[in-house]
Amino acid sequence: TSAEPEHLVAQFGPIFDRVLVDAPCSGEGMFRKSGPFDWSEGMVLACSRRQTAVLHTAAHLVKPGGRLVYATCTFSPEEDEAVIAHFLREFSQFELIDPPRFAGFAAGRPSWVEADLADDNLQKCVRLWPHQFLGEGHFVAVMQQIEHDKPQGLRKPLGFTPPGKKELAVWRAFADEVLQAKFDEERLLLANGRLYLLPELALETGKLHLIRYGLLLGEIRKGYFRPDHALALALQPDEAADCVNFAADSDEIAAYWQGLDFPSAGPDGWLLVLVDGFALGWGKRVNGRLKNHYPRGLRRNRDWRVEIS
3 TSAEPEHLVA QFGPIFDRVL VDAPCSGEGM FRKSGPFDWS EGMVLACSRR QTAVLHTAAH
63 LVKPGGRLVY ATCTFSPEED EAVIAHFLRE FSQFELIDPP RFAGFAAGRP SWVEADLADD
123 NLQKCVRLWP HQFLGEGHFV AVMQQIEHDK PQGLRKPLGF TPPGKKELAV WRAFADEVLQ
183 AKFDEERLLL ANGRLYLLPE LALETGKLHL IRYGLLLGEI RKGYFRPDHA LALALQPDEA
243 ADCVNFAADS DEIAAYWQGL DFPSAGPDGW LLVLVDGFAL GWGKRVNGRL KNHYPRGLRR
303 NRDWRVEIS
């Protein structure tokens with residue numbers, strides 16, 4: 003949604019099973035990767051205050067028994083263990099849990115925070131050091147809200163206007179010809195000419211600005227349906243009526259990545275383009291040539307161009 007956490011709390015309340023706080027931080031864990039970096043002690047303290055505010059707000063979105071995950075890409079204890087210690091002191095209904103440990107997972111450092119905040123439980127946090135695993139520096143804390151007798155918050159159905167008869171007929175014509183998969187028409191939403199498939203459990207979003215309502219199936223313009231790239235990526239090969247599969251190192255895939263058309267035998271119409279059996283995008287076969295519908299923003303540059311006659 004790109005909404006502020008406070009707006010999410012006001013709209014939904016504590017109904018989510020899982021909430022992830024990917025907190026803005028001073029980025030110390032990215033120094034090796036990013037090179038010169040604008041860092042200061044003041045930035046660390048400012049980030050700590052912001053992180054605390056975001057985490058405290060996010061806590062109000064977690065249902066009883068749900069989990070709240072806090073993550074940063076910094077080494078600073080002021081932004082890591084100290085933020086968690088302050089949080090647990092104020093939100094006693096949450097407790098740290100010890101996540102599964104994998105190679106390179108180090109324990110949190112209680113000794114790195116002020117004495118009055120130090121608690122051995124902070125060792126349940128996870129520190130990831132760039133010299134101990136394949137990645138950069140990170141910190142993770144997993145917390146669970148203790149169950150209450152009465153559930154808090156309500157799940158509400160999403161109010162929306164379904165597509166009209168004409169739009170539904172356009173979608174059905176496309177789906178009958180191109181898809182083997184079946185979609186629940188009661189979950190279809192038309193917004194500004196775009197047809198979405200809503201999640202099985204949709205929430206009333208009120209005045210929140212939504213970036214995407216659900217799975218974008220495609221656009222309906224002047225009685226014509228144009229499938230979206232998101233639909234292609236959501237399909238399994240056997241869910242499309244027609245598909246072509248190429249090896250990852252083939253000339254056809256190189257051409258497809260660059261937005262080029264190339265020869266393709268078979269009946270005219272939309273088809274799913276696969277790379278090593280996985281959906282990559284849409285193509286449309288016209289008179290023995292595959293018209294490229296790979297999104298322009300994802301295409302490779304011209305240095306990758308190949309010639310296919």
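Just so we're aligned: the sequence shown equals residues 3 to 311 in this note's numbering.
A virtual CB, placed ideally from N, CA and C, is assigned to each residue, including glycine.
When the Cα atoms are used, what is the spatial distance from residue i to residue j?
i	j	result
leucine 200	leucine 192	10 Å
glycine 31	phenylalanine 77	6 Å
glycine 271	cysteine 245	10 Å
isoleucine 148	methionine 45	34 Å
valine 21	leucine 10	12 Å
asparagine 194	arginine 223	10 Å
tryptophan 259	alanine 281	13 Å
lysine 158	tyrosine 215	Because lysine 158 carries a pLDDT of 41, less than 50, the predicted location of this residue cannot be relied on, and no value is offered for it.
arginine 196	serine 266	29 Å
tyrosine 296	glycine 261	6 Å
lysine 168	leucine 237	25 Å
aspartate 253	leucine 233	25 Å
proline 16	glutamate 97	17 Å
glutamine 154	proline 66	Only weak support is given to the placement of glutamine 154: the predicted model assigns it a pLDDT of 45, under 50, and the question is left unresolved by the model.
arginine 302	leucine 235	18 Å
arginine 298	threonine 54	40 Å
proline 102	lysine 126	10 Å
arginine 307	phenylalanine 135	Note that arginine 307 has pLDDT 48, beneath the 50 cutoff, so the model's placement of it is unreliable and the number below is only indicative. Using only the alpha carbons, I get a separation of about 36 Å.
alanine 108	aspartate 82	14 Å
serine 42	valine 23	23 Å
asparagine 294	leucine 217	22 Å
glutamate 179	glutamate 221	16 Å
leucine 156	glycine 283	The pLDDT assigned to leucine 156 is 41, lower than 50, so where the model puts this residue is not dependable; a value taken from the coordinates is nonetheless given after this. When rounded, the distance between both Cα atoms is 38 Å.
glycine 268	glycine 285	12 Å
Tell me where the alpha helix (DSSP H) around residue i begins and ends.
i	result
aspartate 178	167-180
arginine 91	83-92
leucine 47	43-60
histidine 140	Note, histidine 140: premise wrong, no alpha helix (DSSP H); beta strand (DSSP E) at 140-147.
alanine 257	253-259
Would you mind stating whether residue i and residue j have Cβ atoms separated by less than 9 Å?
i	j	result
valine 142	leucine 124	no
leucine 300	histidine 231	yes
leucine 274	alanine 242	yes
glutamate 116	alanine 73	no
valine 144	valine 64	no
threonine 59	glutamate 8	yes
cysteine 75	glycine 29	yes
aspartate 263	alanine 257	yes
tyrosine 198	leucine 181	no
cysteine 49	proline 26	yes
phenylalanine 248	valine 288	no
phenylalanine 176	phenylalanine 227	yes
glycine 137	valine 172	no
Name the DSSP bridge partner or partners of residue i?
i	result
alanine 109	Val128
alanine 281	Leu276
leucine 330	The structure shown does not extend to residue 330, since the chain is modelled only from 3 through 311, so no value can be given for it.
alanine 5	In the DSSP output, where bridge partners are listed per residue, alanine 5 has none listed.
valine 246	Val275
lysine 286	Trp272 and Lys293
isoleucine 222	Phe227
phenylalanine 264	Leu292
Whole-angstrom Cβ separation of residue i and residue j, contact assumed at under 8 Å?
i	j	result
phenylalanine 18	leucine 57	Contact doesn't hold; Cβ gap of about 14 Å is too wide.
leucine 170	glutamate 188	The pair is not a contact, with the Cβ atoms about 11 Å apart (cut-off 8 Å).
glycine 279	proline 239	6 Å
aspartate 122	proline 112	6 Å
glycine 139	valine 128	About 12 Å; that fails the 8 Å criterion.
leucine 190	proline 229	Incorrect: roughly 14 Å between the Cβ atoms, too far for contact.
proline 132	arginine 34	6 Å
leucine 119	alanine 87	4 Å
glutamine 13	arginine 69	Glutamine 13 to arginine 69, Cβ: 21 Å. No contact.
Hey, could you find the ends of the beta strand (DSSP E) residue i is sitting in?
i	result
glycine 67	64-74
valine 115	From DSSP, valine 115 is part of no beta strand (DSSP E); its letter is neither H nor E.
glutamate 97	96-98
tyrosine 296	Element bounds for tyrosine 296: n/a, residue is neither H nor E.
leucine 22	18-24
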